[in-house]
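To start, the structure itself, in structure tokens.
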Amino acid sequence: MRDKERGVVWEEAIYTNISYFCRQCALCFLSATIPNARQFAESICYLHHQPCHVVYTDYRPTPLQHFLYSAGSDGLYEVVDVQGRFREDQFAKAMSFLAEKGDQPRMSGPGGSSNIVKIIRTIKEQDMFFDK
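For the numbering used here, count along the sequence shown from 1 and bump the result up by 36.
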């Protein structure tokens, strides 16, 4: 819900439509990054006339990894590993690829693949989808 594009929209949608939920309905909100959890919970309590508990943990069942894709490259570069360490070697590879390519025009359309198609193909080939 913290996503700058969607977070506020979700919160406002919940606030304005909460009267449509019956009082017997139990509500559960999950967010890995909500910065104003206590304020959000207080609003839900006030609007829904039910207690709302905030449960917080630093534990991440799925560790975050950060990947960088250099336009036109043939793969993803893991720049932050599951332990949260910055991988300078991978970052340097991605940056050197960009330096080699310079400001060449993007190739896509009938003769080439767009970058998003290449990224999705790479993710699929490396079995990185979370649909298991």
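Here a beta-carbon is modelled for each residue, glycine too, at the ideal position from N, C-alpha and C.
{"Check": "What are the start and end residues of the alpha helix (DSSP H) that includes L83?", "Outcome": "A73 to H84"}
{"Check": "If we count the other Cβ atoms within 10 Å of its Cβ and call it buried at 16 or more, is V115 buried or exposed?", "Outcome": "buried"}
{"Check": "Can you find the residues in the same chain that come closer than 8 Å, C-beta to C-beta, to L134, ignoring five residues on each side of it along the sequence?", "Outcome": "S106 and A107"}
{"Check": "Measuring straight from C-alpha to C-alpha, what distance separates D94 and S132?", "Outcome": "35 Å"}
{"Check": "Please report the distance separating the alpha-carbon of I80 from that of D163.", "Outcome": "39 Å"}
{"Check": "Please list the terminal residues of the continuous alpha helix (DSSP H) segment that includes V153.", "Outcome": "N151 to E161"}
{"Check": "Cβ of L104 within 8 Å of Cβ of A128?", "Outcome": "no"}
{"Check": "In terms of residues, what are the limits of the beta strand (DSSP E) holding V116?", "Outcome": "L112 to V116"}
{"Check": "Between G120 and T158, which are expected to be in contact by the criterion C-beta below 8 Å, what is the C-beta distance as a whole number of angstroms?", "Outcome": "Going by Cβ atoms, the distance from G120 to T158 rounds to 23 Å, so no, they are not a contact pair."}
{"Check": "Which whole-angstrom value describes the C-beta separation of L83 and Y51, a residue pair presumed to lie in contact below a C-beta threshold of 8 Å?", "Outcome": "6 Å"}
{"Check": "Within 10 angstroms of the Cβ of S55, are there 16 or more other Cβ atoms? Answer buried if so, exposed if not.", "Outcome": "exposed"}
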